Amino acid sequence: MAEADGVRRRDFINIAAVSAAGVAGVGVVVPLVSQMSASADVLAASSTEVDISSIQPGQAIKAIFRKQPVFVRNLTPHEIEEANKVDVSSLRDPQTLEERTKEGKENWLITMGVCTHLGCVPLGAGEGEPRGEFGGYFCPCHGSSYDTAARIRKGPAPKNLEVPAYEFSTDTVVKIG
Amino acid sequence: MSFPWAKQYTPSHPFMQWMDEKLPIPRLVYNAVGGGYEVPRNLNYFWNFGFLAGLCLVLQIVTGVIMAMHYAANTAVAFDTIEQTMRDVNWGWLMRYAHANGASAFFVVIYIHIFRGFFYGSYKAPREMVWLLGVVIFLLMMATAFMGYVLPWGQMSFWGAKVITGLFSAIPFIGEPLQQWLLGGFAPDNAALNRFFSLHFLLPFVILGVVILHIWALHIPGSSNPTGVEVKSESDTVPFYPYYVAKDGWAIGAFAILFCAAVFFFPNYLGHPDNYIPANPMSTPAHIVPEWYFWPFYAILRAFTQDFLFIPAKLMGVLAMFGAIIVWFFLPWLDKSPVRSGAYRPLYRKFFWILVLDMLVLFKCGGAPAAEPYVMISQLAALYYFAHFLIIIPIVSAIEKPDPLPFSITEAVLGADEEAKLAPAAAPEA
Numbered sequence: 175m176a177e178a179d180g181v182r183r184r185d186f187i188n189i190a191a192v193s194a195a196g197v198a199g200v201g202v203v204v205p206l207v208s209q210m211s212a213s214a215d216v217l218a219a220s221s222t223e224v225d226i227s228s229i230q231p232g233q234a235i236k237a238i239f240r241k242q243p244v245f246v247r248n249l250t251p252h253e254i255e256e257a258n259k260v261d262v263s264s265l266r267d268p269q270t271l272e273e274r275t276k277e278g279k280e281n282w283l284i285t286m287g288v289c290t291h292l293g294c295v296p297l298g299a300g301e302g303e304p305r306g307e308f309g310g311y312f313c314p315c316h317g318s319s320y321d322t323a324a325r326i327r328k329g330p331a332p333k334n335l336e337v338p339a340y341e342f343s344t345d346t347v348v349k350i351g
Numbered sequence: 144m145s146f147p148w149a150k151q152y153t154p155s156h157p158f159m160q161w162m163d164e165k166l167p168i169p170r171l172v173y174n175a176v177g178g179g180y181e182v183p184r185n186l187n188y189f190w191n192f193g194f195l196a197g198l199c200l201v202l203q204i205v206t207g208v209i210m211a212m213h214y215a216a217n218t219a220v221a222f223d224t225i226e227q228t229m230r231d232v233n234w235g236w237l238m239r240y241a242h243a244n245g246a247s248a249f250f251v252v253i254y255i256h257i258f259r260g261f262f263y264g265s266y267k268a269p270r271e272m273v274w275l276l277g278v279v280i281f282l283l284m285m286a287t288a289f290m291g292y293v294l295p296w297g298q299m300s301f302w303g304a305k306v307i308t309g310l311f312s313a314i315p316f317i318g319e320p321l322q323q324w325l326l327g328g329f330a331p332d333n334a335a336l337n338r339f340f341s342l343h344f345l346l347p348f349v350i351l352g353v354v355i356l357h358i359w360a361l362h363i364p365g366s367s368n369p370t371g372v373e374v375k376s377e378s379d380t381v382p383f384y385p386y387y388v389a390k391d392g393w394a395i396g397a398f399a400i401l402f403c404a405a406v407f408f409f410p411n412y413l414g415h416p417d418n419y420i421p422a423n424p425m426s427t428p429a430h431i432v433p434e435w436y437f438w439p440f441y442a443i444l445r446a447f448t449q450d451f452l453f454i455p456a457k458l459m460g461v462l463a464m465f466g467a468i469i470v471w472f473f474l475p476w477l478d479k480s481p482v483r484s485g486a487y488r489p490l491y492r493k494f495f496w497i498l499v500l501d502m503l504v505l506f507k508c509g510g511a512p513a514a515e516p517y518v519m520i521s522q523l524a525a526l527y528y529f530a531h532f533l534i535i536i537p538i539v540s541a542i543e544k545p546d547p548l549p550f551s552i553t554e555a556v557l558g559a560d561e562e563a564k565l566a567p568a569a570a571p572e573a
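Just so you know, the sequences run in chain order X and D.
The first sequence maps to residues 175 to 351 in our numbering.
The second sequence maps to residues 144 to 573 in our numbering.
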């Protein structure tokens, strides 16, 4: 029957067996690759509550979210003015300060403390740390400078410091995550 | 695979004869590193570094397996187990200092080995495969060294891991998921430390495998030599044993003196004091640099500070850093000069030394803070680095007039080659 078409029973079995082995091979790779992704305990929803009542204008603190630092900064009116003066279209990652803060809380700048270049913790949140030439944050690893809205202004980092999801639980408590 | 005049393995003891029939490992060894491997008689000391690289690999595997017996890959205790190894384990300090400085020694040896290859054109036909496998070994070494440096879980370990895995986040679209996949989390933590330990244990044995391929590929055409002239007759070679075994023995002695000086008298000179501070994800050290052997490539990474067309600066830096080594893969085909050795290439020789200088400048910049004037100097030096391989080498190999080559290795060594003089008389005019 099939032999008349040039397909022998043996060819069919050969192709079917090799195909099945190929599919099974791909199936085996899935767990081998997937096991390296973040495990359930790492992914488990974590949120951090930060008490911001004691942060004076011009001051900042570091909190911890997903084992990484978060900067909570109380901007001074002068710093807000500096941030708003910048022509947004001239920025590498164009965003206004309003887009990076919550309405009515423009003085509270909450960003990840993770440089978008290669992940160092920028300086500028701690007391007495250099804030770079734009008055925001300065990453000592490769010299990225962020302005008072934590937007990238100079150096190799491609993006502004990431703003995590957060909300104000009360006027003095922020829930991050 | 071997020259016709190479000595044959002839076991005399009945046990060795029996062995030769059943599993001819002694024959393999004899033909690979014994009396059966014929080597050019004119190798200089730079040819000792291949052997020394093998010695370093063995040293790292032995001390590394011992270190692993006293180490625990858990962020809570990793730092302490290293300190415990240093203070409480019998001879633990020696094992760790030998392992840490052994990594540096390995890179010193391998850089000399690579630059020997650049100068003498060792990468050219018929040894392209030797060269390609060598570049693979170098990449594996870099990965292994990087992961090993993370294991003590000090400040430099942690931030090195963060920065280097951060390189992958530069890849468009898949970068961030890829970085999280590599780390098994959002930042280096227990998952990352564990897998780095697992891979740090595995990769040296992968390197060992590629080293065997490297030597295998080398032994098909046979070793190159400082004249770059291929072996022509029996008078051009000597057997590996005893001649080069003895010379490599001398190299072991010289290497051991320098290595022991480092291990016993300044074991921390090449390390960073910050790595004696336990990892702290909340604070980056003020001056974060990788180990010295990555500095030239790190300088290239940092040289890109401006976006180029649609490519972000970060991605450019990453591509350039990997490109700096990937370009070596193409070297056998970029250099079209039929003359191998730099000793007979007056123009290439000059550019070779400029490249050495350029690498030293990049080295210096890579270890310096990310500020002017180092950024600008590394930009210029990085530009020259790529120009050397992609522009200068092809042009030089096209326009250069090489010096006259000796007829044979024997003539280069003895000033005359009797067989060469006899040859024209013996052979009828064609």
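Even glycine gets a Cβ: it sits at the ideal position worked out from N, Cα and C.
Note that this is a predicted model, so its numbers are computed, not measured.
- Assigned with DSSP and collapsed to three states, residue 354/D falls in helix.
- A distance of 9 Å or more separates the beta carbons of residue 283/D and residue 249/D.
- Annotated as proximal: residue 427/D and residue 315/X, with beta-carbon spacing under 9 Å.
- The shortest CA-to-CA distance from residue 385/D to any of 270/D, 163/D, 157/D, 175/D is the one to 175/D.
- At least one beta carbon of chain D lies nearer than 9 Å to the beta carbon of residue 297/X.
- Note on the stretch 466-490 of chain D: whole alpha helix (DSSP H) runs with a minimum of 4 residues are 474-477, in chain order.
- In this structure residue 467/D touches residue 528/D by the C-beta definition: roughly 6 Å separates them, less than 8 Å.
- Nearest CB-CB separation between residue 201/X and chain D: not below the 9 Å threshold.
- Between residue 439/D and residue 505/D, the C-beta gap is smaller than 9 Å, which places the two residues in contact.
- Contact between residue 243/X and residue 425/D holds, since their C-beta atoms are separated by about 5 Å, short of 8 Å.
- Legend: CB atoms of the stretch 210-235 of chain X lying less than 7 Å from CB atoms of chain D belong to residues 210, 211, 212, 213, 216.
- Against chain X, a Cβ distance below 9 Å from residue 310/D picks out 292.
- A contact is defined here as three or more CB-CB pairs under 8 Å, and the stretch 236-248 of chain D fails this definition with respect to the stretch 263-271 of chain D.
- Cβ neighbours of residue 146/D within its own chain (closer than 8 Å, five residues either side excluded): 181, 365, 374, 377, 380.
- Chain-ordered, the chain X residues with CB closer than 7 Å to the CB of residue 302/D read 294.
- Neighbours of residue 332/D in chain X, taken as residues whose beta carbon is under 7 Å from its own, are 241 in chain order.
- With fewer than 16 other Cβ atoms from the protein chains shown falling within 10 Å of its own Cβ, residue 187/X counts as exposed.
- In the DSSP assignment, residue 234/X is bridged to 247/X.
- Annotated three-state conformation of residue 155/D is coil, per DSSP.
- Using beta-carbon distances, residue 331/X counts as an interface residue toward chain D, with a partner under 9 Å.
- Comparing alpha-carbon positions, the option among 513/D, 546/D, 413/D lying closest to residue 372/D turns out to be 546/D.
- In the three-state reduction of the DSSP assignment, residue 210/X falls in the coil class, being assigned neither a helical nor a strand state.
- The beta-carbon of residue 458/D is placed less than 9 Å from the nearest beta-carbon of chain X.
- Our two residues, residue 306/D and residue 166/D, have alpha carbons roughly 49 Å apart in a direct line.
- Taking the C-beta atoms as reference points, residue 344/D is found nearer than 9 Å to residue 207/D.
- Our two residues, residue 321/X and residue 294/D, have alpha carbons roughly 35 Å apart in a direct line.
- Each residue's CA atom was taken as its position, placing residue 286/D and residue 417/D some 21 Å apart.
- Within the stretch 297-325 of chain X, those residues whose Cβ lies closer than 7 Å to any Cβ of chain D are, in chain order, 314, 315, 316, 317.
- The stretch 350-360 of chain D and the stretch 529-540 of chain D do not touch, with fewer than 3 CB-CB distances between them shorter than 8 Å.
- When secondary structure is reduced to three states using DSSP, residue 556/D falls in the helix class.
- Secondary structure at residue 336/X: coil, using DSSP grouped into helix, strand and coil.
- In the structure shown, residue 425/D falls within a coil segment according to DSSP collapsed to helix, strand and coil.
- Annotation: the continuous beta strand (DSSP E) that includes residue 222/X extends over 222-225.
- Residue-level contact by beta carbon fails for residue 197/X and chain D, as no gap is shorter than 9 Å.
- Sorting 308/X, 269/X, 196/X by C-alpha distance to the C-alpha of residue 253/X places 308/X at the top.
- For residue 348/X, the enclosing beta strand (DSSP E) stretches over residues 347-350.
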